[in-house]
Each structure stands twice: as structure tokens, then as C-alpha cells.
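Participant:
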Amino acid sequence: RTVPPTPHPLLWIRPDGTPIDVAVPPGHYTDPQLSPDATRIALAARDSPDAKWYVAIVDVATKRLRKLTLDPAPARAPVWSPDGESVIYLSLRPDAPGLYRKNANGVGGEQLVLRSPGVVWPYQWAGDRLFYFGGVVTGAMDIAMVSGPAYDQPTRVIATRAHDVDGALSPDGRWLAYTSNDTGR
Numbered sequence: 065r066t067v068p069p070t071p072h073p074l075l076w077i078r079p080d081g082t083p084i085d086v087a088v089p090p091g092h093y094t095d096p097q098l099s100p101d102a103t104r105i106a107l108a109a110r111d112s113p114d115a116k117w118y119v120a121i122v123d124v125a126t127k128r129l130r131k132l133t134l135d136p137a138p139a140r141a142p143v144w145s146p147d148g149e150s151v152i153y154l155s156l157r158p159d160a161p162g163l164y165r166k167n168a169n170g171v172g173g174e175q176l177v178l179r180s181p182g183v184v185w186p187y188q189w190a191g192d193r194l195f196y197f198g199g200v201v202t203g204a205m206d207i208a209m210v211s212g213p214a215y216d217q218p219t220r221v222i223a224t225r226a227h228d229v230d231g232a233l234s235p236d237g238r239w240l241a242y243t244s245n246d247t248g249r
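Numbering (the numbering used here), first residue to last: 65 to 249.
Written out as C-alpha cells, the structure is:
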């Protein structure tokens with residue numbers, strides 16, 4: 065979960081952990097997400113260990129990286145739309161922090177989807193529901209979602225005194241598995 069201070073590649077690995085091939089040549093990366101059609105990787109990248117993060121798209125076939133976010137503020141945690149046409153990510157702009165949406169091909173501008181005074185970390189977009197976690201309401205990290213088409217009305221899903229983060233929605237959409245420190249680390 066920590067980002068190495070030196071450039072590192074992203075690797076394709078088998079379920080048993082043995083490497084298959086390099087997915088992305090060495091660089092400073094975190095938060096990789098494979099597109100629904102498995103032809104692209106959205107990730108957070110930076111040019112040096114002390115540079116600001118930006119969101120980039122990598123073509124799997126050519127391993128070529130293309131910058132998606134152009135704002136100088138840090139951007140992280142890209143999540144693909146179910147159709148692979150757009151990406152939502154966290155941008156830490158001083159004047160308008162929150163979740164932004166942009167076409168994955170880079171054409172057009174960004175759209176502020178959810179403004180938030182604190183960090184809101186997107187992690188799964190399933191159907192018309194985008195799941196994220198943030199700590200604005202209770203002070204602890206809580207899991208919430210916004211639904212389409214505007215994605216502008218947050219609904220708390222898990223709100224406890226503990227930090228509730230990450231997670232995965234079951235394929236049938238009925239269950240949410242998540243990480244909590246309610247009983248300790």
C-alpha cells in the first residue's frame with residue numbers, strides 16, 4: 065500500500081503471484097484500475113517522488129502513458145465508468161476539491177461531480193452507482209455513494225465511528241464487502 069520512492073514498473077501477474085509481463089514501464093504510480101474492456105489502465109502518476117500526482121491513461125498494447133488531468137492540483141484514485149468512456153477521480157484543488165469526471169479519451173473538459181471540503185476517495189463504479197469513502201460528516205471515514213444521471217446526491221451506505229473504507233460490491237449488487245478498523249487494525 066505504500067508507494068516506493070524509486071521508479072517501479074506495474075506488472076501483470078498470475079493468480080499464484082508469478083510475473084507474466086510488464087504492464088507499464090518503471091515510473092511513479094499508484095491507484096491502477098483496468099478498463100472494463102481491459103485495453104487501458106487508468107492510474108495516478110507523478111514525474112518524481114516529490115511531484116504532484118496526476119491521472120493518466122495507459123494503452124495496454126503499446127504501454128504508452130497519456131496524461132488525462134491537466135490541472136496543477138493533485139489528482140488520484142481514477143475509477144472507470146462501466147462503459148469505459150469516462151473516468152471519475154479525486155482532485156484536491158484549493159478552490160473546488162472533490163470528484164471530477166472526464167472523458168477517458170481526453171476530449172473535452174472536466175465536470176465537477178461532487179464538491180467536498182474533505183477527501184472523497186472513489187473506488188467502484190457499478191451500474192449507475194459510484195461508491196466512495198470520505199470523512200467529512202463524522203470525522204471517521206464513511207462509505208457513501210452517488211447515483212446517476214447527475215451523480216450529485218450523496219447517500220451514506222456505512223456510517224460508524226470507525227474508519228470504513230475501500231470495499232467491493234458483489235456482482236449481483238446485493239452485498240458490499242469493506243475494510244473497517246472498528247475492532248482494531
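Quick reminder that beta carbons are idealized off the backbone N, C-alpha and C, glycines included.
Please report the distance separating the alpha-carbon of residue 137 from that of residue 94.
Facilitator: 16 angstroms
Participant: Would residue 183 and residue 163 be called neighbours here (beta carbons separated by less than 8 angstroms)?
Facilitator: no
Participant: So which of 81, 238, 70, 161 has the shortest CA-CA distance to residue 140?
Facilitator: 161
Participant: According to DSSP, residue 222 sits in a beta bridge with which residue or residues?
Facilitator: Residue pairing for residue 222: DSSP places it in a beta bridge opposite 207.
Participant: What ranges does the beta strand (DSSP E) occupy inside the region 72-157, keeping only unbroken runs of at least 3 residues that lie completely in it?
Facilitator: At a cut-off of 3 residues, the continuous stretches assigned as beta strand (DSSP E) that sit fully inside the region 72-157 are 72-77, 83-98, 104-110, 118-123, 129-131, 139-144, 150-155.
Participant: Only counting the same chain, and skipping five residues up and downstream in sequence, which positions put a Cβ closer than 6 angstroms to that of residue 190?
Facilitator: 233
Participant: Give me, in chain order, the residues of the same chain whose beta-carbon lies closer than 7 angstroms to that of residue 150; leave out the 5 immediate sequence neighbours on both sides.
Facilitator: 165, 166, 167, 168
Participant: Return yes when the Cβ of residue 221 is within less than 8 angstroms of the Cβ of residue 205, no when it is not.
Facilitator: no
Participant: Quick check: the Cα distance between residue 194 and residue 113, rounded to an integer number of angstroms?
Facilitator: 30 angstroms
Participant: Residues in the same chain with beta-carbon distance under 7 angstroms from residue 148, minus the five sequence neighbours each way, listed in chain order, please.
Facilitator: 99, 100, 101, 168
Participant: Which word fits residue 208, buried or exposed, when buried means at least 16 other C-beta atoms lie within 10 angstroms of its C-beta?
Facilitator: With 16 or more other Cβ atoms within 10 Å, it is buried.
Participant: Rounded to whole angstroms, what is the Cα-Cα separation between residue 121 and residue 247?
Facilitator: 38 angstroms
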